[in-house]
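If you read the sequence shown in full-length UniProt numbering, its first letter stands for residue 1, the second for the next number, and so on.
Note sheet for the following structure.
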Amino acid sequence: MKANRLAGKVAIVTGGGTGIGEAVCKKFAAEGAKVLVVGFADDPVEAVAQEIAETGGEARAYMGDVAKEVEAEAAVQAAIDNWGALHILVNCAGVYPVTAETQDLDVEIFDLLIKDNLRNTFLMTRAALPFLQKTGGCIVNTGSEAGFLGQAMLSPYGGTKAFIHAFTRGVALEQAKHGVRANAVCPGPVDTSWTHKETGPMDEKMEQSFLQTVSMGRRGTTEEVANVFLFLASDEASFVNGSLYSVDGGIIGGKGIGKEAPASVASEPEPELALHHEHDGKTGRRN
1 MKANRLAGKV AIVTGGGTGI GEAVCKKFAA EGAKVLVVGF ADDPVEAVAQ EIAETGGEAR
61 AYMGDVAKEV EAEAAVQAAI DNWGALHILV NCAGVYPVTA ETQDLDVEIF DLLIKDNLRN
121 TFLMTRAALP FLQKTGGCIV NTGSEAGFLG QAMLSPYGGT KAFIHAFTRG VALEQAKHGV
181 RANAVCPGPV DTSWTHKETG PMDEKMEQSF LQTVSMGRRG TTEEVANVFL FLASDEASFV
241 NGSLYSVDGG IIGGKGIGKE APASVASEPE PELALHHEHD GKTGRRN
């Protein structure tokens, strides 16, 4: 169902080639936005932009590492060059590279998490704000339930997401006078490469423990998460600022009751979007 809630808007979505980012790009385009799909060169960024075009939407691909200042600024400029304005920034790019107890975690992994979960969000926000101030636009960041609860077996990951939560609220407070809103979507386990033992760093025990802490007994879909990004980016959320929206199937209050959910609750809903890259992309980067 389309309502053209983003008609006339220009959006940048980092991490737009895979997982939640793909769903956000396609959801926004279906609702009328012009979308700059941002991602690494080996992500299916161009494929997502092409798939949007094939369904009547408008999108462009930008490939680069936006944890580098020059690339972040170039990504924002690409949106301006293509469409002349910027209304929405979605910071969706991130990594979940390994699992290990803190004493066994390589410092290289810590640095990677800072770069690809935190630095990129700061640099994109910094580069986009002068243009968002001109349009009274908004920012939607990607937090996590791990930013509230912590994350065992990759403790710095939860720390980077807690930063995103606080950073989002700080930006919201200071930018309100410019007419810019900032909010964050905070997913729990989502059906992407990150949460499957075959494609991500989790083992079977960790995978099952996640599902048992979700009261609905399943992973969320990327489209379910994208629906919340859409609301926060739309004018329907005009009085929502500095909020952290949990989209986690009740993980915070679940306390291991997920296994009690009947099949009717634990089954994923039928998708509306044609998503092809939910499980694509690397869970971690070394560049």
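C-beta atoms are modelled at their ideal positions from N, C-alpha and C, and glycine is treated no differently.
Whole-angstrom distance between residue j and residue i, CA atom to CA atom
i, j, result
"residue 275", "residue 185", "20 Å"
"residue 134", "residue 147", "31 Å"
"residue 13", "residue 129", "15 Å"
"residue 151", "residue 55", "39 Å"
"residue 154", "residue 187", "17 Å"
"residue 172", "residue 142", "14 Å"
"residue 61", "residue 15", "11 Å"
"residue 68", "residue 248", "31 Å"
"residue 80", "residue 205", "46 Å"
"residue 242", "residue 90", "15 Å"
"residue 178", "residue 170", "14 Å"
"residue 17", "residue 104", "31 Å"
"residue 287", "residue 41", "Reliability of the predicted coordinates at residue 287 is poor, the pLDDT of 38 falling under 50, and no value is obtained from them."
"residue 199", "residue 78", "32 Å"
"residue 218", "residue 228", "18 Å"
"residue 63", "residue 74", "10 Å"
"residue 7", "residue 100", "45 Å"
"residue 280", "residue 122", "25 Å"
"residue 114", "residue 262", "39 Å"
"residue 102", "residue 203", "17 Å"
"residue 149", "residue 250", "13 Å"
"residue 207", "residue 193", "12 Å"
"residue 109", "residue 156", "9 Å"
"residue 92", "residue 20", "7 Å"
Outcome for residue i when other beta-carbon atoms lying within 10 angstroms are tallied against a minimum of 16
i, result
"residue 238", "exposed"
"residue 269", "exposed"
"residue 4", "exposed"
"residue 277", "buried"
"residue 27", "buried"
"residue 224", "buried"
"residue 29", "buried"
"residue 111", "exposed"
"residue 191", "buried"
"residue 44", "buried"
"residue 11", "buried"
"residue 158", "buried"
Assigned secondary structure, residue i (DSSP; H/G/I helix, E/B strand, else coil)
i, result
"residue 181", "strand"
"residue 6", "coil"
"residue 205", "helix"
"residue 30", "helix"
"residue 169", "helix"
"residue 227", "helix"
"residue 18", "coil"
"residue 23", "helix"
"residue 264", "helix"
"residue 211", "helix"
"residue 243", "coil"
"residue 39", "strand"
"residue 190", "strand"
"residue 76", "helix"
"residue 199", "coil"
"residue 145", "coil"
"residue 233", "helix"
"residue 160", "helix"
"residue 13", "strand"
"residue 272", "coil"
Sub-8 Å separation of residue i and residue j beta-carbons
i, j, result
"residue 221", "residue 271", "yes"
"residue 117", "residue 160", "yes"
"residue 180", "residue 131", "no"
"residue 33", "residue 72", "no"
"residue 86", "residue 137", "yes"
"residue 49", "residue 66", "no"
"residue 163", "residue 189", "no"
"residue 9", "residue 88", "yes"
"residue 201", "residue 107", "no"
"residue 230", "residue 245", "no"
"residue 35", "residue 59", "yes"
"residue 226", "residue 23", "yes"
"residue 182", "residue 175", "yes"
Near the ligand PLP: residue i beta-carbon under 7 Å from a heavy atom
i, result
"residue 212", "Inclusion of the ligand PLP in the displayed structure is not the case, the ligand content being empty and no account of it being possible."
### Task
Please list the segments of the beta strand (DSSP E) lying wholly inside the segment 80-139, counting only runs of 3 or more residues, in order along the chain.
88-91
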